[in-house]
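Trainee: Chains as they are written, first to last, in our numbering: chain Y, 21 to 237; chain W, 21 to 237.
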DNA sequence: CTCCTTTCAATACGGTCGTATCGATACGAA
DNA sequence: TTCGTATCGATACGACCGTATTGAAAGGAG
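1. Between the alpha carbons of residue 163 of chain Y and residue 99 of chain Y, how many angstroms are there, rounded?
2. Quick check: is the beta carbon of residue 240 of chain Y nearer than 7 Å to any beta carbon in chain W?
3. Can you tell me where the alpha helix (DSSP H) holding residue 54 of chain Y begins and where it ends?
4. Of all Cβ atoms in chain Y, is any one closer than 7 Å to the Cβ of residue 204 of chain W?
5. Would DSSP call residue 108 of chain Y helix, strand or coil?
6. Should residue 133 of chain Y and residue 49 of chain Y be called a contact, given that it needs their Cβ atoms to be closer than 7 Å?
7. Can you tell me the Cα-Cα spacing of residue 32 of chain W and residue 78 of chain Y, whole angstroms?
8. In chain W, what lies closer than 9 Å to residue 87 of chain Y by C-beta?
9. Under 9 Å between beta-carbons, which chain Y residues line up against residue 174 of chain W? List them in chain order, please.
10. Near residue 119 of chain W, what residues of its chain come up, given a Cβ to Cβ distance below 7 Å and the 5 sequence neighbours on each side ignored?
11. Using alpha carbons as the reference points, say which of Y/147, Y/155, Y/185 lies closest to residue 96 of chain Y.
12. For the structure I just gave you, are there three or more beta carbon pairs, one from the segment 186 to 206 of chain Y and one from the segment 142 to 154 of chain W, closer than 8 Å?
13. Identify the continuous alpha helix (DSSP H) that holds residue 141 of chain W and give its terminal residues.
14. Under the DSSP definition of a beta bridge, which residues are partnered with residue 103 of chain Y?
15. Can residue 144 of chain Y and residue 52 of chain W be called in contact, C-beta distance under 7 Å?
16. So with Cβ pairs under 7 Å, would you call residue 198 of chain W a contact of chain Y?
17. Residue 194 of chain Y and residue 198 of chain W look like a contact to me (Cβ under 8 Å); what is the Cβ gap, rounded to whole Å?
18. To the nearest angstrom, report how far apart residue 70 of chain W and residue 56 of chain W are at their CA atoms.
19. Say whether the segment 72 to 87 of chain Y touches the segment 176 to 193 of chain W, bearing in mind that this needs 3 or more beta-carbon pairs closer than 8 Å, one atom from each stretch.
20. Starting from residue 195 of chain W, find everything on chain Y with Cβ-Cβ shorter than 8 Å and list it in chain order.
21. Comparing alpha-carbon positions, which option in Y/36, Y/34, Y/46 lies nearest residue 135 of chain Y?
22. Kindly list, in the order they appear in chain W, the residues whose Cβ is closer than 9 Å to that of residue 121 of chain Y.
23. With respect to the alpha helix (DSSP H) encompassing residue 199 of chain W, which residues constitute its N-terminal and C-terminal limits?
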C-alpha cells in the first residue's frame with residue numbers, strides 16, 4: 021500500500037531503454053529514420069511491440085531518447101579528451117577531438133548517417149533543433165578548451181582570435197562530416213581523416229615562424 | 021494510327037511535372053520529407069492522386085524528379101554568375117556564388133531544409149547520393165572558375181593552391197548551410213551572410229600586402 | 001458527326017503505421 | 001499460501017500509405 025515504493029523491477033529499465041535506442045540507431049544507420057517504427061525497432065531489439073511501448077509510451081519519446089542518447093555518447097567521448105598541463109598537447113588534443121567528431125571510422129560514419137537524419141528532422145521540428153544546439157555547445161566547448169590551451173602555450177599565433185578560430189573549426193567539422201555522409205557507400209574515409217590532419221597542420225604551423233609564411237602562400 | 025504522333029496534349033506535361041515538384045518542395049520545407057506522399061503532394065498542387073500518378077508513375081520517380089529539379093535550379097543559378105574579363109570581379113563573383121549556395125534569404129533557407137532531407141536519404145540510398153555528387157560537381161566548378169579568375173588577375177596570393185582553396189570553400193559552404201538549417205525556426209540569417217563576407221574578406225585580403233599580416237594575426 | 005485515345009477523379013486493395021487494449025504470467029508483500 | 005501489481009506477448013483498431021483499377025469526360029482524326 022506504500023504509494024510507489026512497490027517496485028518489483030525484474031529488469032533494469034534504463035539499461036533496456038538504452039538497448040532499444042541502440043536498435044533504433046542501427047536501423048537508422050542502415051535504412052534511414054523513415055524505416056524506424058515501433059515494430060521494426062522492437063524486432064531489431066528482440067522485443068515485442070508492447071515492451072517498447074511500455075518503455076517509451078510514444079514514438080516521439082523514443083526518437084527523442086535515441087537522439088539524446090547519441091548526444092550523450094558524443095559528449096562523453098569528447099569530454100574525456102583531457103587537454104592541458106601534464107595532459108595532451110594542443111595538436112594531439114585537437115586531433116582526438118576532431119577524430120571523435122568526424123566519421124574517421126565505420127562506426128562513426130554510421131553514427132554520422134544517423135545524425136544527418138536527425139538534422140533533417142531538426143530542420144522542420146524545433147524540439148530536435150534544441151537538442152542539436154546542445155551538441156553544438158558541447159563541440160564548441162571542447163574546441164574552445166583545445167584552442168585556449170594552445171593560446172596559453174603559445175602554439176597559436178598570438179594575434180589570432182581564438183573565438184573566431186573555434187567557430188571556423190565548428191563549420192569545418194560540419195562541412196567535412198556532411199561531405200562524408202553524402203558519399204556513396206563503400207567510399208573510403210580518407211577525406212575526413214585527411215581533413216583532421218590538414219587542420220592540425222594548419223593550426224600548429226604557427227609554432228615555427230618560417231612555416232607561417234608558407235601557410236599563407 | 022500514326023504510332024505516337026497522336027498527342028492531344030491539353031496541358032504541358034513537363035510544366036506540370038515541375039509544378040508538382042514545387043508542391044513537393046513546399047511540403048518538404050514545411051514539414052519534412054516524411055510528410056511527402058502522393059496524396060499530400062497532389063493536394064498541395066491542387067491535383068488528384070491519379071493525376072500525379074500518371075505524371076510520375078511511382079513515388080520514387082517523383083522524389084528523384086524533385087531532387088533533380090532542385091539540382092537544376094541551383095546549377096542554373098550559379099552557372100549564370102559570369103566571372104572573367106569584362107564580367108564580374110573575383111570578389112563580387114565569389115560573393116554571388118556563395119550567396120546562391122548558402123541560405124542567405126528565407127527562400128534559400130527553405131531550399132536548404134529540403135536539401136538536408138535529401139542528404140539524409142543519400143546517406144542510406146546511393147541513388148540519391150549520386151545526384152548530390154552532381155551538385156557537388158557543379159559547386160566545385162563554379163568555385164573553381166571564381167578562384168581561377170582570381171589567380172589570373174593576381175587577386176590571390178600566387179603560392180596559394182587554387183584547388184585546395186576550392187575544396188576548403190566547398191567544406192565551408194556545407195558547414196555554413198548545415199549550421200543554418202539546424203537553427204530553430206525564426207533565427208535570423210545573419211550567420212550565413214556574415215560567413216559570405218568573411219570568406220570574401222579573407223580571400224581578397226591578398227590584394228593589399230599590409231592587410232595580409234592582419235589576417236594572419 | 002462518330003470513333004479513339006488521352007486525361008481525369010474516384011475508389012478499391014493490401015500493407016504498415018501508431019496506439020490502445022487485453023488476458024496470461026511472474027513476483028514481492030502480507 | 002494468496003493477493004495485487006507490474007510486466008509480458010498478442011492482437012485489435014483506425015488512419016494513412018503506395019499502387020492499381022475503373023468509368024466518365026474531353027477533344028483531335030476520320
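All C-beta atoms, glycine included, are put in the ideal place defined by N, C-alpha and C. A quick note: this is a predicted structure, and the numbers were derived from the prediction, not measured.
Mentor: Short version:
1. Answer to the nearest angstrom: the Cα atoms are 10 Å apart.
2. There is simply no residue 240 of chain Y to check, as chain Y begins at 21 and stops at 237 in what is shown.
3. Taken as a continuous stretch (DSSP letters only), residue 54 of chain Y belongs to no alpha helix (DSSP H), as it is neither H nor E.
4. yes
5. strand
6. yes
7. 45 Å
8. Under the 9 Å cutoff, chain W gives no residues; its nearest Cβ is about 12 Å from residue 87 of chain Y.
9. Residues of chain Y whose Cβ lies closer than 9 Å to the Cβ of residue 174 of chain W do not exist; the shortest such Cβ separation is about 12 Å.
10. 216
11. Y/155
12. yes
13. 126 to 142
14. By DSSP's assignment, residue 103 of chain Y forms a beta bridge with Y/108.
15. Judged by beta-carbon spacing, residue 52 of chain W lies within the 7 Å limit of residue 144 of chain Y, meaning their Cβ atoms are closer than that value.
16. yes
17. 5 Å
18. 16 Å
19. no
20. Residues of chain Y passing the Cβ test: 190, 191, 192, 193, 194, 195, 196, 198.
21. Y/46
22. In chain order: nothing, as chain W lies at least about 12 Å away.
23. 182 to 201
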